[in-house]
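In what follows, a structure is listed as structure tokens, so that the remarks can point back to it.
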Amino acid sequence: MSDISPSSSTAETMKRLSSGVNISEQISSNVVQPDDKVLKMATFSLQKYLKEPDFAAEFLERGGLESLCEIIKKASGNTLAYALNSFASLMEHNTGWDSLSEDFVVEIAHIVVNETLVTIGRPATAILIKIVTANNHTDDEMGRPSTTVTTDLNSKATTGGEKVSSDPTTESSESGKKKTAFGYPTLQKAIEHEPQLLSTLIQRLQSQDYTLCLNSLALLTAMLKTVTEEHQSELPERLGQLNIGKYIVRLMNSHPSDELRKHLLEYQTAMIRNVIQRRRTPVSLHNSKDMKMLNEIWDAAKVANIQVPGARKWKKIGFSSESPQREFTRTGKFGLQRMHAFVVGNQDLFAKMLLEEIHRPENKRCLFARTSCESTELLFSQWDISSGYIAAELDPILMYFDRVQASTIRLFFRLFQDMKATNADFSKVSALVRSQLRAVFRSDTVKDIGEFERVIDGTPYQVIRDRRLKELEWADDLLGREAIRNLRSRLNKQSYDFIKQQRISCLLQGAWFPNSLQRSGSTSTPSGTMATNELIGNVGSSGGGSSGKRWRYYKLSPSKKALQFGDFSERVAPIIKDYDKLPNKIDLSQVFEIRTIRKRSNAGAMALFPLPPSSTPMSPTSPVGFGSHPFASSSSGSNYLQHDTASSTSALAFALYNENHTSLAEFICATSEQASEWKDGFSMLLDKGITSKETAEYLHSLTEIGVKVKLLQIAGDRVEVPHGSLEVPPIPYGSASRFYYDV
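Start counting the sequence shown at 2; every next residue gets the next number (our numbering).
Have a look at this one:
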């Protein structure tokens, strides 16, 4: 879109608007003409002017919102795009527009569905996002915004200057025409008028226009977050029927940008939280929708005319009793929906399964309903679907929950028959299925749902059984015992203490870092710290007295209460042992926060001079803290990168901040190892725990290796690890409080 300068006609229009003239006068009685340049220029200028709070308040005061709505209803082309952008600018103030009519929201939905220009689609979709999440400030425990409306300014309604009611459920007493319209219920009514809205948004997930794709994804996510209880099952099921998972997976596998990845994680989180809500909703025989699904499952079974001893109806299709709702205690309504989805999508297979099981002896039947619910529960466990779920990594296979469940059900039936199980062996079959799921999900070769299904269906029973036997030997029979859990807890603490001492030893040794120089004329703060500055791009500039000091050496004081440093034009030695050469100090008691910093200028400065090593190479024989360790981190021996992309360099930079969020010291690290050593060194020194993924993985590895070493020692000595806690004998008579057992 080319930049347009306001003409004299536009200025006159804006002047008339500020004088109270309704800009809708520019519109003809029926439709806006495409060549109406004055109106086009006016709406173009509004995009910018409405971003100003004062202008927006005056605009609302004089009935501008109603005029703008009329333009949107009648305009087309660029004029419509400008009007939508103007409306979006107005909505940023979160005030005055919360009295929109439901008809207007339907009109915006109509525009989203029928207008193909991206310049129209982007702002129209953004408006729907704002409407569905409007003025929602509090979230419930499932992350769904509340429907509390607050008005930031005591603004007035769009007609007659009357104040807007703060109650979203009431109409204006004066006009009687408008009802506050926002939140999911309003959008649901728009969907009923424009049934193609959901499919349009899903199709636009593959749009070549990045912003349009992002807005469409954001609107779908907002709908999942705000959907009301009445539609919390209907919406995600409808999205599934429209095959939204396929498009989400394409985005996940397209090497998404950081912004798109963030939106995908939000969608994944919203989707799973909706699953959790449905899991918590019990199945009821008095609910018409639940009974409809159960009856459709019954009809697809085609066993009404088959006589089964001890079964009247529901037990014929694999329920444990004639009260089917009891089977869904752990999986809720979501479990019923997944069972229904499997039956509808695999009717022939379902009927064949039931027919085969009915003709088996009663104690050797693999009950379908029980198996379906158990499969859902296994997947909940595999994906850690529980309260407070927040997606940390993109999981494309998770988008195909129904196909994964179908594969799990098939696997369950196959293993049940291969091991010639009975009803009493159901838990053992479940353990085999869990083992196979865990192995497949952990496999690096399984990248997509097709490969997942091939591996699940193609792995022989013998392979699954042998793997399970090994797991029983280690995990279930040994590692799961209380004695081993206590051992792991103790080793974890020892490993943490070791890493803490090793990280702090790096701080005590000190290291060189590029100097974040003061701007010309800046001075040191009274505490001796440097002001926060951008890394200069021209090292040889003459501005400022310290412009030639390119390097800074940081070193933790022996008392561990202060950080000493000195600025140098060159690196005088690999390691500075003399604290006298480091005259400046930072009191670590002032450190309130340790946070990653991102500066575009870092990469440019890195290209001007190489970074130095942080410490001498660490080897198994090097003294580190209280002793050496063959698994100690060895970042110091790595070669530092001369320069890299701005993102990779800035991601390794962090700073210490005080309570006022002022930087006390900045550290531009060359490698992730050095960043984890120094950042976690400060964090652990200040008892703030571990902050980096590298250190967390290092801690886990040390703990697990320690456990295995101890277990090898136990096995070598043929020592039996007890089940449960030790039985404590009674205290000898007469010992009283002076005698105790240290267990």
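Ideal Cβ placement from N, Cα and C applies to all residues, glycine included.
None of the values given here were measured: they were computed from a predicted structure.
Limits of the beta strand (DSSP E) - the one that F597 falls within: Position 596 of the sequence shown holds residue 597. Sequence check: residue 597 is Thr here, not Phe. 594-597 is the extent of the beta strand (DSSP E) around T597.
DSSP three-state assignment for H138, whether helix, strand or coil: Along the sequence shown, read from residue 1 onward, the residue named residue 138 stands at position 137. Note that H138 scores a pLDDT of 40, beneath 50, so its modelled location is shaky and nothing firm can be said.
As assigned by DSSP and simplified to three states, the class of A312: Counting from 1 along the sequence shown, the entry for residue 312 is found at position 311. It is a strand residue.
CB contact flag (I576, Y699, <8 Å): On the sequence shown, position 575 is the one that residue 576 refers to. On the sequence shown, position 698 is the one that residue 699 refers to. Taking 8 Å as the Cβ cut-off, I576 and Y699 do not qualify as a contacting pair.
For L236, the nearest candidate out of I245, N244, L225, G246 (CA to CA): Numbered from 1 along the sequence shown, position 235 holds the residue referred to as residue 236. Of the listed residues, the one whose Cα sits closest to L236 is L225.
For F183, three-class secondary structure by DSSP: Taking the first residue of the sequence shown as position 1, residue 183 is located at position 182. Coil at F183, not helix or strand.
Residues near N424 by beta carbon distance below 6 Å, same chain, minus five either side: As a position in the sequence shown, residue 424 is number 423, starting the count at 1. These residues qualify, in order along the chain: N364.
N- and C-terminal bounds of the alpha helix (DSSP H) containing K471: On the sequence shown, position 470 is the one that residue 471 refers to. Here the alpha helix (DSSP H) through K471 covers 462-472.
Member of E594, A574, A352, T44 whose CA lies at the smallest distance from the CA of L66: In the sequence shown, residue 66 corresponds to position 65, counting from 1. Comparing Cα positions, the closest option is T44.
I669 and F514 closer than 8 Å at C-beta: As a first step, residue 669 must be located in the sequence shown, where it is residue number 668. As a first step, residue 514 must be located in the sequence shown, where it is residue number 513. Yes, they are a contact pair.
Where the alpha helix (DSSP H) through D349 begins and ends: Position 348 of the sequence shown, counted from the start, is the residue given in the question as residue 349. Note, D349: alpha helix (DSSP H), 348-359.
First and last residue of the uninterrupted alpha helix (DSSP H) at Q437: For the purposes of this step, residue 437 is identified with residue 436 of the sequence shown, where counting begins at 1. From DSSP, the alpha helix (DSSP H) with Q437 extends over 427-443.
Bounding residues of the beta strand (DSSP E) (the contiguous stretch that carries Q565): Translated into the one-based positions of the sequence shown, residue 565 becomes position 564. That run of the beta strand (DSSP E) goes 563-569.
Cβ distance (whole Å) where I758 is taken to contact L81 below 8 Å: This structure cannot settle anything about residue 758, because the visible part of the chain is limited to 2 through 744.
Buried/exposed call for V573, threshold 16 Cβ in 10 Å: Within the sequence shown, the letter at position 572 stands for residue 573. V573 is exposed by the Cβ-count criterion.
Alpha-carbon spacing of G184 relative to A127, whole angstroms: Working through the sequence shown from its first residue, we reach residue 184 at position 183. Working through the sequence shown from its first residue, we reach residue 127 at position 126. Near 14 Å, if we compare the C-alpha coordinates of A127 and G184.
Sub-8 Å separation of F88 and I73 beta-carbons: Within the sequence shown, numbered from 1, the residue matching residue 88 stands at position 87. Within the sequence shown, numbered from 1, the residue matching residue 73 stands at position 72. Yes, the pair counts as a contact, with Cβ atoms nearer than the cut-off.
F105 versus K421, T187, A440, R504, residue with shortest Cα-Cα distance: Locating residue 105 in the sequence shown gives position 104, counting from the first residue. When only C-alpha atoms are compared, the closest one is T187.
CB contact flag (K317, V304, <8 Å): Locating residue 317 in the sequence shown gives position 316, counting from the first residue. Locating residue 304 in the sequence shown gives position 303, counting from the first residue. Yes, the pair counts as a contact, with Cβ atoms nearer than the cut-off.
Check whether T704 and S496 have beta carbons under 8 Å apart: For this step, residue 704 is matched to residue 703 along the sequence shown. For this step, residue 496 is matched to residue 495 along the sequence shown. Yes. Within cutoff.
For L81, three-class secondary structure by DSSP: Here residue 81 refers to the residue found at position 80 when the sequence shown is read from its first residue. Correct three-state label for L81: helix.
Rounded C-alpha distance that separates K561 from F569: Working through the sequence shown from its first residue, we reach residue 561 at position 560. Working through the sequence shown from its first residue, we reach residue 569 at position 568. The alpha-carbon atoms of K561 and F569 are separated by roughly 23 Å.
Same chain, Cβ closer than 7 Å to V447, five either side skipped, listed in chain order: Taking the first residue of the sequence shown as 1, we reach residue 447 at position 446. If we look at V447 and ignore the five residues flanking it on each side, its Cβ neighbours are V441, F453, V456.
Coarse secondary structure for E230, derived from DSSP in three states: For this step, residue 230 is matched to residue 229 along the sequence shown. In the structure shown, E230 sits in a helix (DSSP, three-state: H, G or I).
Proximity to S506 [Cα-Cα], best of N296, V276, Q675, K314: Position 505 of the sequence shown holds residue 506. Residue Q675 is the option with its Cα nearest to S506.
Contact under 8 Å by Cβ, L218 with H264: Position 217 of the sequence shown, counted from the start, is the residue given in the question as residue 218. Position 263 of the sequence shown, counted from the start, is the residue given in the question as residue 264. Yes.
T201 versus Q233, N244, T227, T229, residue with shortest Cα-Cα distance: Here residue 201 is taken as the residue at index 200 of the sequence shown, counted from 1. Answer by Cα proximity: N244.
Secondary structure of S258, DSSP reduced to three states: Position 257 of the sequence shown, counted from the start, is the residue given in the question as residue 258. Coil, per DSSP.
Close beta carbons around Y268, own chain, < 8 Å, minus the five adjacent residues each side: If you number the sequence shown from 1, residue 268 lands on position 267. Closer than 8 Å at Cβ, skipping near neighbours: L218, L221, T222, L225, I249.
Within 8 Å, strictly: CB atoms of L380 and Q406: One-based indexing of the sequence shown puts residue 380 at position 379. One-based indexing of the sequence shown puts residue 406 at position 405. The answer is yes: Cβ separation under 8 Å.
Three CB pairs or more closer than 8 Å across the region 574-593 and the region 679-695: yes
Contact between the region 270-277 and the region 390-397 (3+ Cβ pairs under 8 Å): yes
DSSP bridge partner residues for E667 (one or two, in chain order): Sequence index remark: in the sequence shown, residue 667 carries index 666 (1-based). Answer is A656, bridged to E667.
Length of the line joining the Cα atoms of Y50 and K38: As a position in the sequence shown, residue 50 is number 49, starting the count at 1. As a position in the sequence shown, residue 38 is number 37, starting the count at 1. C-alpha separation (whole angstroms): 18 Å.
Where Q326 falls, given that 16 or more other Cβ within 10 Å makes a residue buried: For this step, residue 326 is matched to residue 325 along the sequence shown. Classification of Q326: buried, given that the 10 Å Cβ count is 16 or more.
Counterpart residues of A512 in DSSP-defined beta bridges: Counting from 1 along the sequence shown, the entry for residue 512 is found at position 511. In DSSP, A512 forms a bridge with Y555.
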